[in-house]
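Peer 1:
There are 2 protein chains.
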Amino acid sequence: MLSKKTKYALHALTYLGKHRENKTVLIHDIAEEYGISHKFLENILLELRKAGYLGSKKGKGGGYYLIKEPKDIALSKVIRLLDGPIALLPCVSLNYYEPCAECKDESHCGINKVMAQVRDETLKILENKSLQDVLDGE
Amino acid sequence: MLSKKTKYALHALTYLGKHRENKTVLIHDIAEEYGISHKFLENILLELRKAGYLGSKKGKGGGYYLIKEPKDIALSKVIRLLDGPIALLPCVSLNYYEPCAECKDESHCGINKVMAQVRDETLKILENKSLQDVLDGE
DNA sequence: AATAAAGTCTATAAAAATTATAGGGTTTAC
DNA sequence: GTAAACCCTATAATTTTTATAGACTTTATT
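From first to last, the protein sequence lines are chains G and Z.
The numbering used here numbers the first residue of the first sequence as 1 and each following residue consecutively.
The numbering used here numbers the first residue of the second sequence as 1001 and each following residue consecutively.
1. Under the three-state reduction of DSSP, which class applies to K57 of chain G: helix, strand or coil?
2. Report the residue from Z:L1123, Z:K1018, Z:L1081, Z:L1088 whose alpha carbon sits nearest the alpha carbon of L10 of chain G.
3. Please return the same chain residues whose Cβ sits closer than 7 Å to the Cβ of E33 of chain G, not counting the five positions on each side in sequence.
4. Go to G52 of chain G, then tell me how far its alpha helix (DSSP H) extends in each direction, as first and last residue.
5. Is there contact here, the segment 95-107 of chain G with the segment 1110-1123 of chain Z, by at least three beta-carbon pairs under 8 Å?
6. Of the choices G:V25, G:I27, G:K18, G:A31, whose alpha-carbon is the least far from that of A1101 of chain Z?
7. Which one or two residues does DSSP pair with A1074 of chain Z in a beta bridge?
8. Just to confirm my understanding: we take D1083 of chain Z, look at its own chain, exclude 5 residues before and 5 after, and list those with CB closer than 8 Å. What are they?
9. Can you tell me whether DSSP reads L1088 of chain Z as helix, strand or coil?
10. Nearest chain Z C-beta to H28 of chain G closer than 7 Å, yes or no?
11. Can you confirm whether the segment 119-128 of chain G touches the segment 58-73 of chain G when touching is taken to mean that 3 or more C-beta pairs between the two stretches lie within less than 8 Å?
12. Does the beta-carbon of Y8 of chain G have 16 or more other beta-carbons within 10 angstroms, so that it is buried, or is it exposed?
13. Using 8 Å for Cβ pairs, my map puts I1027 of chain Z next to L1045 of chain Z. What's the rounded Cβ distance?
14. Compare the C-beta of R10 of chain G against all C-beta atoms of chain Z and say whether one is closer than 7 Å.
15. Along chain G, in chain order, which residues have C-beta atoms closer than 9 Å to that of P1085 of chain Z?
16. With a threshold of 8 Å on Cβ separation, who are the neighbours of K1018 of chain Z within its own chain once the five nearest residues in sequence on each side are excluded?
17. What do you get for K23 of chain G, buried or exposed, if any count of 16 or more other CB atoms within 10 angstroms of its CB means buried?
The structure is reproduced here in structure tokens:
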């Protein structure tokens, strides 16, 4: 399962994508829309900004806004940023690989093989779906 | 990511599948093979037994053994038993469904739609792959 | 019958990860 | 100069996961 953090990040991006005509959107408004704690969301938006998805403006009249085109925001990247690995096992993770301590020989592990397949199919979707696709699905 | 519990369960089933010619296999031997804590594994095997995957024999000379054919043990079922939902969000889980508190209308949620697609592709694999496939992949 | 081996079961402890909050700092519009 | 709004780091609270403990039952063997 995705963490709430990740889920909220996706919601926040969706909200920002829907309000691109506004120069900025308040954390407060997003938090209210989804019933999320303001402070929790603040940390999430900060992370998204540091990762280059969002811009912000401080002070009165400030807020957040998307700085990437929705079509250029791959869901896989957002999930990895906030949640870490997408794969079901560390030994098949492309971005967060770690060997499994209990496994003597990964190349002869049947579990590894199945999970690699799951990873491939999952990534086939998440790498090709963008925020634009999410917006289109609303 | 799958929990260690689930991963160990899959390893244990694999081990038992490989040693079907033995009448029983000791927890101890499985734990040693994979470097897992005996007691932790004990709880896992107990759960697999209660779910009808394993039989056991108490007392001296006792141990565990598979009571299903490896081809009849779907990976999806094992994962659900030990880890819960396979889906990435509660709102797209078939077996552990829960609505997302922040979502007003699931049928118009773009995130829901993508995650349902991921679930479908994941299940296409995990429901059709069995312990036998794991054994064949070793 | 005694003993030791092996699983049973439930409870609890320890550790890690997730979720949430706090609060002072900085910037900016007005 | 004041209030609005984001910035940033730390910490607290909660939940989940991982691990351990220990007393109990069953069974083979001698």
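Here a beta-carbon is modelled for each residue, glycine too, at the ideal position from N, C-alpha and C.
Peer 2: If we stick to the structure as given:
1. K57 of chain G falls in the strand class under three-state DSSP.
2. Z:L1088
3. Here the set comprises Y15.
4. Looking at the DSSP string, G52 of chain G is not in any alpha helix (DSSP H), and its letter there is neither H nor E.
5. no
6. Looking at the Cα atoms, G:A31 is the closest of the given residues.
7. In DSSP, A1074 of chain Z forms a bridge with Z:S1130.
8. L1002, S1003, K1005, T1006
9. coil
10. So, not an interface residue.
11. By the Cβ test, the segment 58-73 of chain G is not in contact with the segment 119-128 of chain G, since fewer than three Cβ pairs between them sit closer than 8 Å.
12. Buried, since its Cβ has 16 or more Cβ neighbours within 10 Å.
13. 6 Å
14. Sequence check: residue 10 of chain G is Leu here, not Arg. L10 of chain G counts as touching chain Z.
15. M1
16. Taken in chain order, the residues that qualify are L1135, E1138.
17. exposed
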